[in-house]
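Trainee: Each residue of the sequence shown is one higher than the one before, counting from 39 in the working numbering. For reference, the structure I am asking about is given below.
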Amino acid sequence: LHQRPVVPAPHSIDPMGELSQAASLRGHRGGVNCLAGEGDTLVSGGEDGTVRLWDLGAQRTARAMVAPGAQAVNALAVGRGGCEHFVFGAAGRDVFAYDLRAPGVLMREPAVPSLGGSSDEVGALAIDAAGEHVAIGDDSGEVRVVNLDGDSQPPELDAAHGSICACLAFRPAGGGGGGLELLSGGTDAFAVRWDCLTGATLCSWCLAAAAPPAQSDGAAPRVINPRHVHSLAFEPGGTAFAAALGDGSIELRDANHG
Numbered sequence: 039l040h041q042r043p044v045v046p047a048p049h050s051i052d053p054m055g056e057l058s059q060a061a062s063l064r065g066h067r068g069g070v071n072c073l074a075g076e077g078d079t080l081v082s083g084g085e086d087g088t089v090r091l092w093d094l095g096a097q098r099t100a101r102a103m104v105a106p107g108a109q110a111v112n113a114l115a116v117g118r119g120g121c122e123h124f125v126f127g128a129a130g131r132d133v134f135a136y137d138l139r140a141p142g143v144l145m146r147e148p149a150v151p152s153l154g155g156s157s158d159e160v161g162a163l164a165i166d167a168a169g170e171h172v173a174i175g176d177d178s179g180e181v182r183v184v185n186l187d188g189d190s191q192p193p194e195l196d197a198a199h200g201s202i203c204a205c206l207a208f209r210p211a212g213g214g215g216g217g218l219e220l221l222s223g224g225t226d227a228f229a230v231r232w233d234c235l236t237g238a239t240l241c242s243w244c245l246a247a248a249a250p251p252a253q254s255d256g257a258a259p260r261v262i263n264p265r266h267v268h269s270l271a272f273e274p275g276g277t278a279f280a281a282a283l284g285d286g287s288i289e290l291r292d293a294n295h296g
């Protein structure tokens, strides 16, 4: 008789770097819209208008931060580099930030209540490795980059996407020609690489599939799962990236050539 293969139970990563049995983190009073992590930090944003910092060892909420107006939180980013103590969140058309060094378990007043309103609801955030810039993408397709020191601001990235900007990723240093570069992806099936300091488009990729052939009855071809760009990730050297698409595929591309 053949033995059945043993199927391991689901696992989760605990803060000590070992695997433990799967856990369920509960605390939001509604749907959880987004997650972000950096190091041992995990935060979540929900329909209940809160951002929650989790104690993964105790599997409970360590701190809760209220979004301005208690609006649903649709995107998050954990600070890095010079802003490593901050958590950034998007609610409605605006972006706010809490300083985790502030006292209190329930935090109601963000350290940065607004980074300036966007044209539409914000659904994508990213922070560069130095912690000096925040990239903001909204449902109109607009992409903005905000300099956190508040001095000179980068130019707007003109006409970024024809529809929703769904994801953003800063390019790791050393991957290109220097400077500050950002990759954005949208539901228009495009990925675009930007020079954040000049606002210029450096490269773009149309990730839409070739048009399917017409049906035998002459009807228009059916597209069931459009190749919307839902997520982007660079390899550590910044020379290539992966794009997660709505048709169930992942495209791997050279980051230097469209």
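Built from N, CA and C at the ideal position, the CB exists for glycine as well.
Can you look up Gly119 in the DSSP assignment and give me helix, strand or coil?
Mentor: Three-state DSSP puts Gly119 in a helix.
Trainee: Could you give the distance in angstroms between the alpha-carbon of Val111 and the alpha-carbon of Thr79?
Mentor: The alpha-carbon atoms of Val111 and Thr79 are separated by roughly 18 Å.
Trainee: Along the chain, where does the beta strand (DSSP E) that runs through Leu153 open and close?
Mentor: No beta strand (DSSP E) contains Leu153, which DSSP labels as neither H nor E.
Trainee: Comparing alpha-carbon positions, which option in Arg265, Leu220 and Ala246 lies nearest Gly237?
Mentor: The shortest C-alpha separation from Gly237 is found at Leu220.
Trainee: Can you tell me where the beta strand (DSSP E) holding Cys203 begins and where it ends?
Mentor: Cys203 to Phe208 is the extent of the beta strand (DSSP E) around Cys203.
Trainee: Out of Leu290, Ala211, Leu283 and Ala108, which one is the CA nearest neighbour of Arg168?
Mentor: Note on identity: in this sequence residue 168 is Ala, with Arg being the wrong assignment. The candidate whose alpha carbon is nearest that of Ala168 is Ala211.
Trainee: Whose C-beta lies closer than 6 Å to the C-beta of Ile288 among residues of the same chain, with five residues either side of it excluded?
Mentor: So the qualifying residues of the chain are Ala280 and Ala282.
Trainee: Could you check which residue in Asp187, Cys234, Asp177 and Ala105 has the C-alpha nearest to that of Asp226?
Mentor: If we check each option's Cα against that of Asp226, Asp177 comes out closest.
Trainee: If you run the structure through DSSP and keep just helix, strand and coil, what is Gly161?
Mentor: Reduced to three states, the DSSP call for Gly161 is strand.
Trainee: Does the beta-carbon of Cys244 have 16 or more other beta-carbons within 10 angstroms, so that it is buried, or is it exposed?
Mentor: So Cys244 counts as exposed.
Trainee: Give the DSSP-derived three-state secondary structure of Leu39 in the structure shown.
Mentor: Legend: pLDDT at Leu39 = 40, less than 50; position of this residue unreliable, no value from coordinates given.
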